[in-house]
Every structure is written in C-alpha cells, then in structure tokens.
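The structure appears below as structure tokens.
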Amino acid sequence: MQNNPNTTLVTQTAPIATATHGGRAKCLQRLVRLDLPVPTTVALSFEAVHKIAQGELPDIEAVLKQFPDDALLCVRPSSEDPDWGGPGAVLNIGMNDSSHATLCRDLGSDAATALYMRFVQYYAVHVARLDPDMFDNVTGNGPEGLKETLRAYEDETEESFPGNRATQLGAVLRSMARAWDGTTARLLRQAKGAPAEAGLGLVVQQMAFGVGIKKSGAGVLQLVDSNTGLPQITGRYLRQSQGRDALHAEAEALYLTKDPRGPSLEEEEPVLFKQLQDHAALMRVKLREEMQVEFTVDDGVLHILDGVRVARSPRAAVRIAVQLAKDKIIPQQEAVMRVEPSMLNELLHRQVDKDAARDVIGHGIAASPGAATGRIVFTAAEAQASASRNEDCVLVRRETSPEDIRGMHAAKAVLTERGGITSHAAVIGRGIGLPCVVGVSDIRFQTNDKQLMLKDGRIIKQGDVITIDGTSGDVLLGAPAMQEAALDDAFQNLMDWADAERDIGIRANADTPADAQTARNFNAQGIGLCRTEHMFFDINRLTVMREMIFAETGEDRRAVLERLLPMQRDDFTQLFRIMEGQPVCIRLFDPPLHEFLPTNRSGQRELAEALDLPLSDVTRRIEAMMEYNPMLGLRGVRLGVTVPEIYEMQARAIFEATLEASRDGDPVVPEIMIPLVSAKREVELVKTNIDSVAAAVHNERGESFDYRLGVMVETPRAALRAGDIAQHCAFLSFGTNDLTQMTYGLSRDDAGRFMSDYVRQEVFPEDPFHTLDLDGVGELLELGATRGRKTQPDVTLSICGEHGGNPESIAFCRARGFDYVSCSPFRVPGARLAAAQLAI
Ligand code: PEP
Ligand code: MG
C-alpha cells in the first residue's frame, strides 16, 4: 500500500499533500508526526475517490490489512479546503452480529446494541439510500429494537444486512464519493469558491469508542472563542458518546473548564484535561493555526481523532492572525495574507445600539453578525429591484439556495425561517458580511401571501421596515438607533502591518465632513473624489441652487453664486481641516442642472412660491431644460464651458478655503478635477478660467498657494486622447462608472433591470458596474494611462469609480503603475489589505 499513491497509510513518512489528499488527511499526518495519539488512519487520494465514484473501488482488502481484524472503522471526508464541506462522517463500519457480541462483552450490551442499531440505521439511510420512515416503528434501543431494525432493513431490501466489513466499507466509500459529485453538493461548494473540478479525499480511521463500561466519551476543544478570537477554552464533552455528539446534546454535555453553570471536564478529569490542553497548545504552535481538537476518551485513554481549523467570525479571524504573529508563530506578513479583505466588512459593520429600544418580533440563530435595516422583500428579484432603486431591503426567505445569491448581494440583510449555522444563508451571509438570522421558528413565514405572522398575531407585510440583528439573532420591527463598528487593537495592528507592505496609495471618495472623518479614521491617504454636487442636497442650499439655475441673466446668476460661495468655502475648509494636509481632490460640478429641479406639480408650485415666479414660468423653464438622455447631455465639463460662472465660483471657494485651512494647519494643495472631459479644448478653457480665479484670489489676499488641476477620464474619447489631454494636467483619474457606462453603451441606472439575465446567460461574466471589465474598460484604462504618461511622464494616475475598492481592480491598477485607487470610506481598510496582499 505504501507504494500506491492513491491509498496511503498516514504515517510519519508517507507523503501526503493537501492538493492530492485534502486538508484533513494532511492535518492527520501532521498530528501523527507530532506523536499525538491518533488512531491508525489510511488516506484515499482525490484520484482514488474519483475512481470510486466512477465504480472502480480500490483494493479494499489492502486497506483493511492496515487495521486489526476486528477493528471498527470510520470514514471522513478530506477536501482541499474544509470550508467546501463534504459528505458527513460514517462511524462504526464493521458492526455485525459477531462484533456486536464482542462489544457486548467489552462495552456492555446497552452500548454495543445502541452502536449497532445506530450504524444499521445510518447505513440504511445514507448508504443504501432507504427511506428514514422505515424505522419509525422501532421500539427502543434494546435488543428488541435491534431486531426490529435489522428486520426492517431486510423487509425493505429483501436482503439481509451486509455483515461483512469489506462490503460495508466499499459501500460507504462509494456513497460518499458519489455524494460529492451530486449537483447540490457541487453548487454549495462552488458558492464557497470551490472550483468545479474540486476533488474529495477520504480518510479511513480506526474507531476509538467513546462508549463503554469504563470512562468514555467524546468532545471538541479549542483555545479561542470563535466569535471574538480572544483566548478562551471552548468546547463540550459528552460522556458515552462518539464523534461530535457533544455539540448536538449540549444539555447533558460537560463544560470543558470550570463553569458555574454545570460540571466540567477540568474538574472531573484533571489529568486528561491537562493532556488535552497540552495537545491543543502544541497543535497551535506546530500547525501554526488555531485548531479545534476532536477527541475521544476510550477506557480512560485519550485519542485525538482530528484537528480542524477553528471556525471563526471575521472579527476573530483578524485577532487570531494577529495573535499568532505576535506570538511569533507566523510572520506578520503571513498574518496579513490570512485575512480576506472582504472579511473586514463585518468588523466595520454597524450594530444595533446597545441602549436603543428594541421591539423584538422574533428570534433565530445569529448566523452572520452586524445589523441592518430595510424594507421586507420576499424574492431575490425583488431585492435586486430594490437595490436598483437605492432602497435598502431585507430579503426574507424560507431558506436560501444558490439561486438567491444575487438577491443576497442586493439586500442589506437576510432572514430565513429554516436553517442552522451552516445553512446556505448563514454560510453565504458570513462570507459576504451580510447580517443574517436563520432558523426563526417563532414567526410564521407566509411567503406566498408576502407576509409574516408574529406570535402575537400581528402581521408584517412586504415593504414594512424591519431590522436584522445578526449578532444577537433578534428580528426587530422598525429602525432602531445603530452603533458604528468598534475597531479594536488587533484590527489596527493588522492594518499597520498591511500599510508597511503596501505600494499603491488608497484614498477615499468622500463628499461630506462625516465621510471625510470616516476616511481619516480608516487612514485613507486623502480624498480621491469629492462629488461637489452632493453638497447641494441639503434643503436650504437646494433653494439657492435652484435660484441659480433659474437666473435669466449672467448678472443674476453671479448674484446667487455669491450666496453659494461662502457655503462651498466652508465645506472645503472643513474637508481640508479634517484631512490635515492629506490631498483632497475636488471634482467640479458634474450633473445636468435639471436634476436639481422638482419633477412633480406640487414641487414646482413650491418652487414658484420660493422664487416668487408664476408657476407657468417655472414649468416652462423646467421643460426647456429637460434632456432626452441627461447622462449624455449638458453635464460635467460641458456645463463648465457653457456656464463658466459655476466653476469659477467653485474654484474661488476652493482657493479661499485653501488659504483659510493652511493658516491653522499644514499647507493645503488642493486638487481640482474636471469631470466628463472628451476634448483637450475643454480642459484649456476651464484651465484658463481657473488660473485667472487663482490669480485674482492671490492678488486680493496677497498670499500664495499651489493647486493641481486634473481631468477625470470617464469618456472613451478622453481615454483615447489622454496624450493630448494630459499636457494640461497634473493628474488623470479614471471614473470607471461612467467609463463602463459609455464603453458598453449601457445605462448605469437601468442596467440592474436585466443584468441578472445577462449574467445568468453568461453574456457578461459579472455585472461590469460591480467588477471592472478588465478586457474592454481595462483596455481603455491601459491606453489612457500609457498615452497620458507619454506626454506627461509625471502625471498622477488613479481610479475613482466604484470599482476602486475591489481587489481585482487594485491588482489591475497596481500592475500598471497607478499611484492610487479611491473608494468609498468603508471599503478603505479592505482596499489597504488587498493592496498589501498584492505586494507580499
Ligand atoms: C465615475 O463616473 O466613475 C465617477 C466616479 O463619477 P460619478 O459616479 O459621480 O459619475
Ligand atoms: Mg462619472
């Protein structure tokens, strides 16, 4: 057998790799090499298991030769990544009348009979694929129950139960190999990132009984808390049990360490507990990972059956990685590599404020932490529709399946009636940092009627607002106050280590002082995009803005702009102060003006009153400004060229704020960015105006300042003509939202309606507004960057569309020597980590 690479005895020397035999087999070999008390184990490779699924069994007798003749065996899955799952373990293979008789003597007849019955029933349902109902009439666990169980098997199959160990083992291996190939199993693991052709290994291990006359039992132990990652021995131990039974029967299980709530292994078996703790500590150091130890006590002797990576929340993942590095078990760089950038989302997630009033309408399993509020929707399609309307929603399902994944991405939280901590909704929710509560049994899900019926008879309907607290498992009515995420010291350590590696800048897109503060807290290296039109959504400012739009003459317009100037100056001064000398890139006004005007009659009437104009004047003017396709109309720099006073006011506000903020802090060098450019001449015209405003402010104040002027590359023409355009620019920033829209000729505001169809039919591999289209839009970025740099070698290059925070866009930009990426403030830590991982 040692020479057969497909079936390998797990010994100190036989070579086993995760890529050929799976993580469990590899881990068991490490445990054997650490001299831990691991029962004899044989590992079957992916190739062997693949052949089994095709009907070609390995030499079963050769496998069995590795074990004592009468030993019972178990088989467990060993996939490359434990998160990809696999068929459940099968215990006690080899049970038959004769082993039953032996065990009656060794373990006592109750234990032996219970084992036998359990094995036959498991075998019938999971291996022979019989209906579990066939055992409904079995009475009790005693000898009579065993007879009935065996009879039921025979009646159903018209064959006696296969008593031969080799036959049983062959059938178990076949059924596990085939289960891995099943459609559901494949979809589930693909949803967790497994490749389509992911292999399964199997390990066959000699059973250590956890049942018997003497001291016996089984349990699991780990040295950290899975939620917080803090040191804390956790786990359970159940006397007279096998496998992971202790986790299913918590009521009777023992605590591991002293606990006021009940008896503990530490008190009852101090020597054994100490051994176990030492083994776990050794595993942590030698396997360089926090491990959960699966152990069995057989006749007072401790056996280590398995070690699995401790399941962990994102918060715990950070703390564990950092602590391993601090304990010098792994290098800091490895700690940085061990945390998925997307995991940071959860750490940064909001929680329901501890002091907020809670109208709890239901409770389930807290499956994915963080809290979110939204309107109830009952289908994934409705969730996507809500997202395209920018409306927060909570996706409510009986349970989720792979078809719901897009809807889950679109929702702010997920609530399911069924499922446990490893259900689809829970696994996916945790994976994407989406607050999620599953297994809610105290609410009736009347999904066909699109409503929820509460225990007290109240009905909650589609569209009602609820809050999912994925940290506590509560479902709350309404929108309670929320608390921003606390960023602990482990998070700060990890970020510091990441920054030490990173070689591309990360800025934030921030429009308001609050955004800027968040960006600063997350150590963004400046603001890469401040969308100034977002500063006008405040109702007081909106009226002044509308007056400006309605001004008939240049003089009238200038008068209103005079009133807007101090507002903008204050905005910019605040941003500069918050960013403390970090660069702030301010984009001049972008959207079409009529976006600021009311569309309905009552709004127009109010506007007429506010401006003291006849309603007919207001409606006429609004109609005159309407555009068929405003995204491609009078917006961006086109507005700056045709109504130059607006950009002039903004430039003046920026320069005056520059002087103001430089007075009491580091000198500010503002960056002014011109949007939606498509021709060099546009830049020349705007530049001339801005330069003259700068000269005027300089003359008026007698103070000097610098500024940098740049262009936003978001039309295909700007990318193609970047060589020309860059001649006038200190920087080029790629606005990939518009660039994607224009490259595809696909409205960014309407694409959501059919995007899922497109992705489902594989027209696009992904929604290009979420994931940068490296082939098409990417080619324009590459062209623009190369051409820009050719005429202006020092030009600063960056990306500031929504794609800026995605690891694959960061990789693309970094590979092309971009200076920085800019993304929304909450994505900054993930971007910092992703960038560091690229550099390591
Ligand atoms: C862009 O187009 O990529 C961009 C950042 O600008 P906005 O989203 O404001 O159009
Ligand atoms: Mg844009």
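Position one of the sequence shown corresponds to residue 6 (this note's numbering), numbered consecutively onward.
Glycine is no exception: its CB is placed at the ideal position from the N, C-alpha and C atoms.
As the structure is a computational prediction, the values presented were derived from the model and not from experiment.
Contact between the region 292-310 and the region 196-208 (3+ Cβ pairs under 8 Å): no
Taking contact to mean at least 3 C-beta pairs separated by less than 8 Å, is the region 56-75 in contact with the region 130-147? no
Give me the Cα-Cα distance between Arg837 and Asp504, rounded to the nearest whole angstrom. 7 Å
Just list the residues that DSSP pairs Asp479 with in beta bridges. His368, Asp474
Using CA coordinates, which residue listed in Asn634, Val565, Phe594, Ala519 is at the minimum distance from Met584? Ala519
Quick one: is the Cβ of Asp778 within less than 7 Å of any heavy atom of ligand 2? no
Would you give the residue range spanned by the beta strand (DSSP E) that His308 belongs to? 306-314
Would you kindly report the start and end of the unbroken alpha helix (DSSP H) that includes Ala190? 188-196
Can you check which of these residues, Phe594, Tyr127, Asp799, is closest to Gly728 by C-alpha distance? Asp799
For the structure I just gave you, are there three or more beta carbon pairs, one from the region 47-64 and one from the region 215-223, closer than 8 Å? no
Which of the three DSSP states, helix, strand or coil, is assigned to Asn8? With a pLDDT of 45 at Asn8, under the threshold of 50, the predicted position of this residue should be treated as unreliable, though the coordinate-derived value follows. Correct three-state label for Asn8: coil.
Per-residue burial, Gln7 [other beta carbons within 10 Å of its own, 16 or more giving buried]: Legend: pLDDT at Gln7 = 45, less than 50; position of this residue unreliable, value from coordinates given subsequently. It is exposed - the Cβ of Gln7 has fewer than 16 other Cβ atoms within 10 Å.
Can you name the residues that DSSP bridges to Ala513? Ile532, Cys828
Would you tell me roughly how many angstroms separate the C-alpha atoms of Ala820 and Lys331, rounded to the nearest one? 31 Å
Through-space distance from Lys70 to His414, alpha-carbon basis: 51 Å
Are Leu5 and Phe769 close, meaning C-beta to C-beta below 8 Å? An answer regarding residue 5 cannot be provided, because it is not within the stretch 6 to 845 covered by the chain.
Under 8 Å, do Phe774 and Arg753 count as touching if we go by C-beta distance? yes
Could you check if Ala839 is buried or exposed, using at least 16 other CB atoms within 10 Å of its CB as the buried criterion? buried
Is the beta carbon of Ala521 sitting closer than 8 Å to the one on Ile511? no
Distance cut-off 7 Å: Glu719 Cβ against heavy atoms of ligand 1: yes
DSSP on Tyr763, reduced to helix/strand/coil? helix
Which residue wins for smallest C-alpha separation from Cys912, given the options Leu36, Ala119, Pro672, Arg592? Absent from the model: residue 912. The displayed extent of the chain is 6 to 845, so no value can be given.
Cβ of Asp743 within 7 Å of any heavy atom in ligand 2? yes
For Tyr633, is the classification buried or exposed, using 16 other Cβ atoms within 10 angstroms of its Cβ as the cut-off for buried? exposed
Count the other CB atoms within 10 Å of the CB of Asp778; is the residue buried (16 or more) or exposed (fewer)? buried
Taking the runs of the beta strand (DSSP E) that are 3 residues or longer, which of them lie wholly in the region 26-100? 46-49, 78-84, 95-98
Quick check on Met631: does DSSP put it in helix, strand or coil? coil
Between Gly740 and ligand 2, is the CB less than 7 Å from at least one heavy atom? yes
So for Ser231, helix, strand or coil by DSSP? coil
For Ala377, report the span of its alpha helix (DSSP H) as first-last. No alpha helix (DSSP H) holds Ala377; the beta strand (DSSP E) holding it covers 376-382.
Just grab the DSSP bridge partners of Val419 for me. Leu400, Cys441
Own chain, CB closer than 7 Å to Gln587, minus 5 neighbours either side, in chain order: Gln530, Gly531
Do you know how far the Cα of Gly740 is from the Cα of Thr523? 22 Å
Span of the beta strand (DSSP E), counted from its first residue to its last, around Glu676: 676-679
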